[in-house]
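Chains as they are written, first to last, in the working numbering: chain A, 22 to 254; chain B, 15 to 134.
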């Protein structure tokens, strides 16, 4: 594994998006992972539609009654991958733009599919495996506890205490080996996270969180997706 | 009062750090500037409020978030915490409007990623 890695340097990450006042973080995490996977399989970076997921994805967890993807009321990346697999794929952002609400009907047009899922999987709570899957398969959809993110401005977040209850979906795009020195000037590694709160939050829309001890639960819900090798129309 | 935390994990167990809990001596000074910071905040993020009551309520929330940012700074010293676009929201408003991850109950048939080699 390289000591430092960032998919932004390899052209696999679209610009930072803004979910607005809508609990649709799960859809942005999902599209981010598929955008990266599609780039790896085709060499083409396409911004994909979150609104399609918000409007059309009502996929439910088969093991938990009533646990379904539900627009601005929340969802889950793995069930969104399942929806995308069943629906055939996602449209481009331009063809199905984001509105920031879930009051509209589903307007999915199958003839406009730009990227498709071939497979997805969950990754074990092991930081080396997460890094290896990141480098091999592209950006990963992850869950995180966002309690420190409301006041975060910049730097590497490494709280002494942080709950591991996951409440926010984000995209893991890279890692660094030596980003901060908490004590004794000993440099520590960190993850690079793409968020969906616009560029005027955090480090131009990004969040850095320290690696090594599943801080804020960042290692505990990680999923990877692979895209079909089809060029978008 | 103070909070004593284990600063480091197993790789550096010798150091403990003692931090103030943020309710101490300089919190009053901090809040004296709250109204000025709130004016800057409204200007930077284009915030307007429909009524004076709403404005005053949001100022109260903003002050509470300044105290919260200070606590976060003590608990998370390698990052910078402060005023953000969410500083006029209560924690529950923030959760309701900007988070939205359902709890994961991993299905038994979920496909687990194969273990990849990580040596070299």
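Beta carbons are placed, not taken as given, at the ideal position from N, Cα and C, and that holds for glycine.
Hey, is residue 98 (chain B)'s beta-carbon within less than 9 Å of any beta-carbon in chain A? Flagged as an interface residue toward chain A: residue 98 (chain B), by a C-beta distance shorter than 9 Å.
If we cut at 9 Å on Cβ distances, does residue 106 (chain B) have a partner in chain A? Not a single C-beta of chain A is nearer than 9 Å to the C-beta of residue 106 (chain B).
Name, please, each residue of chain A whose Cβ falls closer than 7 Å to the Cβ of residue 54 (chain B). Going along chain A, no residue has its Cβ under 7 Å from residue 54 (chain B), so there is no contact; the nearest lies around 14 Å.
Residue interval of the beta strand (DSSP E) (run including residue 210 (chain A)): Secondary structure note for residue 210 (chain A): its beta strand (DSSP E) is the uninterrupted segment 209-215.
One or two residues paired with residue 224 (chain A) in a DSSP bridge: Paired residue(s): A:227.
Taking CB distances under 9 Å as the criterion, tell me whether residue 180 (chain A) reaches chain B. Under the Cβ criterion of 9 Å, residue 180 (chain A) is counted among the residues facing chain B.
Roughly how many whole angstroms lie between the Cα atoms of residue 56 (chain B) and residue 218 (chain A)? Linking residue 56 (chain B) to residue 218 (chain A) through their CA atoms gives a straight-line distance of about 18 Å.
Using a Cβ distance threshold of 8 Å, determine whether the stretch 135-151 of chain A contacts the stretch 173-186 of chain A, with at least three qualifying pairs required. Judged by pairs of C-beta atoms under 8 Å, the stretch 135-151 of chain A does not touch the stretch 173-186 of chain A, as fewer than three such pairs exist.
Residue 66 (chain B) CB to nearest chain A CB: under 9 Å? Chain A has no Cβ within less than 9 Å of the Cβ of residue 66 (chain B).
Going by the CB atoms, is the gap between residue 41 (chain A) and residue 119 (chain A) shorter than 9 Å? Cβ atoms of residue 119 (chain A) and residue 41 (chain A): closer than 9 Å.
State yes or no: is the C-beta of residue 63 (chain B) nearer than 8 Å to some heavy atom of the ligand PLP? Questions concerning the ligand PLP fall outside what the structure shown contains, since it holds no ligand whatsoever.
Bridge partners - residue 112 (chain A), DSSP secondary structure assignment: DSSP, once it has assigned bridges, lists A:134 as partnering residue 112 (chain A).
Residue 59 (chain A) touches chain B at which residues, Cβ-Cβ below 7 Å? Under the 7 Å cutoff, chain B gives no residues; its nearest Cβ is about 18 Å from residue 59 (chain A).
Enclosing alpha helix (DSSP H) for residue 75 (chain B) [first to last residue]: Secondary structure note for residue 75 (chain B): its alpha helix (DSSP H) is the uninterrupted segment 66-89.
Counting only C-beta atoms, is residue 37 (chain A) closer than 9 Å to chain B at any point? For residue 37 (chain A), the answer is no, since every Cβ of chain B falls outside 9 Å of its Cβ.
For residue 209 (chain A), which residues of its own chain have a beta-carbon under 8 Å away from its beta-carbon, when the five flanking residues on both sides are left out? Counting only Cβ-Cβ distances below 8 Å, and skipping sequence neighbours, we find 177, 179, 199, 200, 201, 202, 203, 231, 232 and 233.
What number of angstroms, rounded off, separates the C-alpha of residue 90 (chain A) from the C-alpha of residue 79 (chain A)? The alpha-carbon atoms of residue 90 (chain A) and residue 79 (chain A) are separated by roughly 5 Å.
Residue 137 (chain A) and residue 159 (chain A) closer than 9 Å at C-beta: Taking 9 Å as the Cβ cut-off, residue 137 (chain A) and residue 159 (chain A) do not qualify as a contacting pair.
Return the Cβ separation of residue 52 (chain A) and residue 65 (chain A) in integer angstroms, given the expectation that the two are a contact with Cβ distance under 8 Å. In fact, because the Cβ distance is near 15 Å, the residues do not count as touching under 8 Å.
Cβ of residue 76 (chain B) less than 9 Å from any chain A Cβ? By this cut-off, residue 76 (chain B) is not an interface position.
Can you name the residues of chain B whose CB is closer than 8 Å to the CB of residue 47 (chain A)? Chain-order list of chain B residues neighbouring residue 47 (chain A): 114, 115 and 116, by C-beta distance under 8 Å.
Quick one, are the C-beta atoms of residue 92 (chain A) and residue 75 (chain A) less than 9 Å apart? The beta carbons of residue 92 (chain A) and residue 75 (chain A) sit closer together than 9 Å.
Pick from B:109, B:78, B:116 and B:99: whose alpha carbon is nearest that of residue 167 (chain A)? When only C-alpha atoms are compared, the closest one is B:109.
Span separating the alpha-carbon of residue 127 (chain B) from that of residue 157 (chain A): Distance from the CA of residue 127 (chain B) to the CA of residue 157 (chain A), rounded to the nearest whole angstrom, comes to 12 Å.
Could you have a look at residue 241 (chain A) and say whether DSSP puts it in helix, strand or coil? Reduced to three states, the DSSP call for residue 241 (chain A) is coil.
Roughly how many angstroms lie between the CA atoms of residue 143 (chain A) and residue 195 (chain A), to the nearest whole one? If you take the alpha carbons of residue 143 (chain A) and residue 195 (chain A), they lie about 18 Å apart.
Who are the Cβ neighbours of residue 292 (chain A) in its own chain at under 7 Å, not counting the five residues just before and after it? Limits of chain A in this structure are 22 at one end and 254 at the other, which puts residue 292 (chain A) out of reach.
Measuring straight from C-alpha to C-alpha, what distance separates residue 172 (chain A) and residue 100 (chain B)? When rounded, the distance between both Cα atoms is 8 Å.
Kindly list, in the order they appear in chain B, the residues whose Cβ is closer than 7 Å to that of residue 189 (chain A). Listed along the chain, the chain B residues whose CB falls inside 7 Å of the CB of residue 189 (chain A) are 113 and 115.
Separation of residue 129 (chain A) from residue 99 (chain A), as counted between CA atoms: C-alpha separation (whole angstroms): 20 Å.
Grouping DSSP H, G and I as helix and E and B as strand, with all else coil, what is residue 141 (chain A)? Correct three-state label for residue 141 (chain A): strand.
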